[in-house]
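Enquirer:
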Amino acid sequence: EDFLAVQTSQGVQVRRFKTLSELIALYLQPNQGLVCTLLFPVEREKEKETVEDRDYSDGEDEKPPLPPRSGSTSFSGTSGPVESTNGLSSISHEYLKGSYTLDLEAVKGGANSLPHLNKTLVTSCKRLHSEVDKVLAGLEILSKVFDQQSSPMVSKILQQTAGQSGEQELENLVLKLSVLKDFLSSIEKKALKALQEMSSAAPATPPQPLSRKAKSIPVQTFEVKLDITLGDLTKIGKSQKYTLSVDVEGGKLVVLKKQKDSQEDWNTFTHDKIRQLIKSQRVQNKLGIVFEKEKDKTQRKDFVFVSARKREAFCQLLQLMKNKHSHQDEPDMISVFIGTWNMGSVPPPKNITSWITSKGLGKTLDEVTMAIPHDIYVFGTQENSLGDKEWVDFLRSVLKDFTEVEYRPVAMQSLWNIKVVVLVKPEHENRISHVSTSSVKTGIANTLGNKGAVGVSFMFNGTSFGFVNCHLTSGNEKTARRNQNYLDILRLLSLGDKQLSSFDISLRFTHLFWFGDLNYRLDMDIQEILNYISRKELEPLLKVDQLNLEKEKHKVFLRFGEEEITFPPTYRYERGSRDTYVWHKQKPTGVRTNVPSWCDRILWKSYPETHVNCNAYGCTDDIVTSDHSPVFGSFEVGVTSQFVSKKGLSKSSEQAYIEFESIEAIVKTSSRTKFFIEFYSTCLEEFKKSFENDSQSSDNINFLKVQWSSRQLPTLKPILSEIEYLQDQHLLLTVKSLDGYESYGECVIALKSMIGSTAQQFLTYLSHRGEETGNIRGSMKVRVPTERLGTRERLYEWISVDKDETTASKGKVPMGRPTSPVARSVGRKPTSAEPPPTILAKLPEEPEKRGMPWGCHAHPCPRRSKAEAMPELSGGPLKNSFNNPAYYVLEGVPHQLLVPSSMVRSPLPRGDSGDGSPAPVPLL
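Here the sequence shown is numbered in the UniProt record's numbering, starting from 1 and rising by one per residue.
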């Protein structure tokens, strides 16, 4: 339309200009945005020409020619009259103009043929002859592939027709077309028959989609030793060596015992005969395998691997084998890759394989599992100078070269040079729904997009995921500003279910991953930092890491998890190498000191009693284009299916119920108004409200204890009553005031541990907009009819932690129910900022009678016998911590009586619970 325009980002109105000088004049004015080079190619709009729109003014004829008949091909854009490819129009015109009258005279004279028409047809079909010959020759070759007995009919016809002319030539063309028709109708039948014979002769393999040409996983072997007792060792003389061979594609495990004289004793176990894997927490490279020997008879053998990483690789391969040969239509567990990288406004190198394979420094994947593609890849970048489409295409190309899988883009969201990309395997594309994207600016005056966050959320079958990539304020001294950036993003990022607007994004998703250049620094002298790094001593540095310190004060990332950091600081390197940190940076305001720091992080937060395990957390050491090193994280994540009841809709007699006996909460407020509770869940048709609390009291002006009896609380009816469905569901609660309907705290409770005929107790924290505002406890039960009690073991419950050897090792807290009499399910990692379970010295409700003492995160603590009871701390029994305002961490300052995090990580003392849970510590 002869207008000029500047290409704009999404949501910015396009302005049009008639001249270049007008365009330049506007953009010379202030507040018009930044103008840079084109990010996307500009293509002309190609509109299909219709017959009416064509301009025939240059042609000889005033009238347009007739539209082409069906089957013919016309080419627009050629000058002169429109002509078919074989020249039939002009030849027909010549015949009708001249030779037609000669044939007419011949017929009048008694002739039975039309020689001139015959000549015209032969001439016009010259090119058709050669094309048919080519097609027939190709089809004959294809036919012989599937039917070697077929006669060479085409070659005979071609020999016969050579040198023929006139009427015979036309007759042979008709013959060839007849043969072509027969070939086309018979070749598919021959091919189908041949492939059916091949498939019946070959072993049956599951059909793979054509679009997914994934690499097959070769058989992997592991050298192990049989773990035996000291008594057995004296009998045998020495430990026995074994080789474990995992055939993922074939679905079997071969256990080979090495013996003298080259004799070998081996057993093969198919995937369904491997009942359980039991990890030792005390010995990190030891694994117990429970085999099914005969019906209802099992045998356990403990093996010691070369390293803990080899044990993890073995477990991952067996999980993959189980998943591959499972009869379930939908997966129980998927693998998720998270990557974050500040690219330093420089294009990436061509080879970024180390990043996508979690290879480098820190906790990395074993070579065996490194090559196995993840189900979902999430890439977060900052200071990324590439265009959105260019960056997505680059990532897809890198993944295809390495995995041979054509990953599909789920979402791409950018804010200036902050970008997040989510790519998924083709077979999962239909499992993803409710995709949402959002961004928040936290730059200067919260209006500049050079700092901020971008986010993507979606449902994977029945599980909700959220991903947030952020770039927070830089500078050693800007900790408070970074904290505020985090709270702004938490409050303003619009992701997930819009019905959950009462909850911030840390409670809207089953699994939330938060990553990026968080820019938190180390509070230590530069020379001390460099000395510790050179000696590879990271613990003193982690103690002065600003993010860890702020988390411990509950200022940011309340109860988010982070895998232990075992890699050096990822910022600020000299570009072109990873040998030198450059801590002086020249700025217009002077020289700034940037101490080496862990700016680039990956954190996560998941609902209670769900499965998340971090298999890798580290950084690359060979990508040197930026002053930041790329950081990677590899996770195995439990997911749920879109449950479909096999028994149909619940009858009234088969309805499940969620019933509350009582709830009480302490909220941080000086108000004395009344409160009510709202209940939200995907298992409810709509949210439900309680009545106002029927009693309240206050021991401190800043806190209020409010209580609801069973009369004030609703009975909730789930939309489905199957236990298999309900054990994956969660309840979201928000405590609101009656005077302003404002939320004073929110929490989440897992239904899994509440299922049963007797009421179970729960205790968890209340938080609002990232701040801890109180806690809540209650007594409830999920009543499931006996007709709906059938359930199955999840794939992630198949790997357990040895009950007899469990210790509260660093960063690990086992979760979930035991999956066998000897094992307990592995769960997510809380951080040191996450307080240990609270044990109340005296409970008014007599917990011995009701079931179990209170535990945090809505996890019921196991019942203890008198012999296992918690010993009283020195100084006599504690005041009930639930009523004690000192229980809270006020204004972000830890109370002097709070237990230091190191105590949480220490092993269980002898005679303690021994049930797989960490040592409980009273919290004041």
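We put the CB at the ideal spot given by N, CA and C, even for glycine.
Give a yes or no on contact between the segment 373-388 and the segment 310-320, applying the rule of three or more CB pairs nearer than 8 angstroms.
Expert: The segment 373-388 vs the segment 310-320: no contact.
Enquirer: Please tell me whether F337 and I352 are closer than 8 angstroms, where the distance is taken between their beta carbons.
Expert: Not a contact, by the Cβ cut-off of 8 angstroms.
Enquirer: In angstroms, rounded to a whole number, what distance separates the CA positions of P331 and D504?
Expert: Cα to Cα, the separation comes out at about 29 angstroms.
Enquirer: CB-CB under 8 angstroms to S621, same chain, minus the five flanking residues each way: which ones, in chain order?
Expert: The residue you asked about is not Ser; residue 621 is Asp in the sequence shown. Closer than 8 angstroms at Cβ, skipping near neighbours: S354, G360, L361, R578, S629.
Enquirer: On the premise that N342 lies in contact with D600, defined as a C-beta separation below 8 angstroms, what is that separation, rounded to the nearest angstrom?
Expert: Rounded, the Cβ-Cβ distance is 7 angstroms, consistent with contact.
Enquirer: My output table needs one value for P409: the three-state DSSP class, helix, strand or coil.
Expert: In this structure, P409 counts as strand in the three-state DSSP scheme.
Enquirer: Let me know if N430 comes out buried or exposed under the rule of 16 or more other beta-carbons within 10 Å of its beta-carbon.
Expert: Counting Cβ neighbours within 10 Å, N430 comes out exposed, since fewer than 16 surround it.
Enquirer: Among Q240, V706, I217, which residue has its Cα nearest to the Cα of E223?
Expert: It is Q240.
Enquirer: Could you tell me the boundaries of the alpha helix (DSSP H) in which residue 925 lies?
Expert: Residue coverage of the chain in this structure runs from 1 to 924, which leaves residue 925 outside it and unanswerable.
Enquirer: Use the C-beta contact count for K752: other C-beta atoms within 10 angstroms, 16 or more gives buried, fewer gives exposed.
Expert: K752 is buried by the Cβ-count criterion.
Enquirer: Whole angstroms is fine: what's the gap from S721's alpha carbon to S662's?
Expert: Taking the straight line from one Cα to the other gives about 23 angstroms.
Enquirer: Report the rounded CA-to-CA distance for F17 versus V440, giving the unit in angstroms.
Expert: Rounded to whole angstroms, F17 to V440 spans 31 angstroms at the Cα level.
Enquirer: Would you give the residue range spanned by the alpha helix (DSSP H) that M321 belongs to?
Expert: Segment 308-324, the alpha helix (DSSP H) holding M321.
Enquirer: I think K668 touches N702, with their Cβ atoms under 8 angstroms apart; what is that distance to the nearest whole Å?
Expert: Contact holds; Cβ gap of about 6 angstroms.
Enquirer: Output the distance between the C-alpha atoms of T510 and D627, rounded to the nearest integer angstrom.
Expert: If you take the alpha carbons of T510 and D627, they lie about 34 angstroms apart.
Enquirer: Would you list the one or two residues that DSSP bridges to C619?
Expert: L361, V631.
Enquirer: Excluding the 5 residues flanking G462 on each side, which residues of the same chain have their C-beta closer than 8 angstroms to its C-beta?
Expert: Taken in chain order, the residues that qualify are V639, T640, S641, Q642, F643, T682, D728.
Enquirer: Under the DSSP definition of a beta bridge, which residues are partnered with P613?
Expert: In the sequence on display, residue 613 carries Asn and not Pro. Paired residues: E636.
Enquirer: Secondary structure at V422, three-state DSSP: helix, strand or coil?
Expert: Three-state DSSP puts V422 in a strand.
Enquirer: Output needed for I274: all residues of its chain with C-beta closer than 7 angstroms, excluding positions within five of it in sequence on either side, in chain order.
Expert: Here the set comprises L253, I289, F291, L318.
Enquirer: Of all the options W583, W598, N548, which has the alpha carbon lying nearest to the alpha carbon of V591?
Expert: Checking every option, the nearest Cα to that of V591 belongs to W583.
Enquirer: Can you tell me whether DSSP reads E294 as helix, strand or coil?
Expert: In the structure shown, E294 sits in a strand (DSSP, three-state: E or B).
Enquirer: Taking the alpha-carbon positions, what's the A308 to V378 distance?
Expert: Roughly 27 angstroms between the two C-alpha positions.
Enquirer: Around the Cβ of I602, are there at least 16 other Cβ atoms within 10 angstroms (buried) or fewer (exposed)?
Expert: That one is buried.
Enquirer: Restricting to Cα atoms, I'd like to know which of H325, V556, I799, A194 is closest to R481.
Expert: Of the listed residues, the one whose Cα sits closest to R481 is V556.
Enquirer: Can you check which of these residues, V405, P714, I755, is closest to P785 by C-alpha distance?
Expert: Measuring from the Cα of P785, the nearest candidate turns out to be I755.
Enquirer: Counting only the same chain and skipping the five closest in sequence on each side, list residues whose C-beta sits under 8 angstroms from that of G251.
Expert: Same-chain partners within the cutoff: T270, H271, M321, K324, H325.
Enquirer: Mapping DSSP to helix, strand and coil, what is L558?
Expert: L558: coil per DSSP, three-state reduction.
Enquirer: Let's test the definition: count the other Cβ atoms within 10 Å of the Cβ of Q382 and tell me whether it reaches 16, buried, or not, exposed.
Expert: The residue is buried, with at least 16 neighbouring Cβ atoms inside 10 Å.
Enquirer: In terms of residue numbering, what span does the beta strand (DSSP E) encompassing V368 cover?
Expert: Note, V368: premise wrong, no beta strand (DSSP E); alpha helix (DSSP H) at 367-370.
Enquirer: Using the beta-carbon count (16 or more within 10 Å), is L704 buried or exposed?
Expert: Answer is buried; the Cβ neighbour count reaches 16.
Enquirer: Does the separation of the CB atoms of S438 and L493 fall below 8 angstroms?
Expert: Closer than 8 angstroms, so yes.
Enquirer: Hey, how far is the Cα of G778 from the Cα of W798?
Expert: Whole-angstrom Cα-Cα distance: 31 angstroms.
Enquirer: Along the alpha helix (DSSP H) that carries residue 927, what are the first and last residues, could you check?
Expert: Beyond the ends of the chain as shown, which are 1 and 924, falls residue 927; an answer cannot be given.
Enquirer: Report the three-state DSSP secondary structure of A759 (helix, strand or coil).
Expert: Correct three-state label for A759: coil.
Enquirer: According to DSSP, is Y657 helix, strand or coil?
Expert: Three-state DSSP puts Y657 in a strand.
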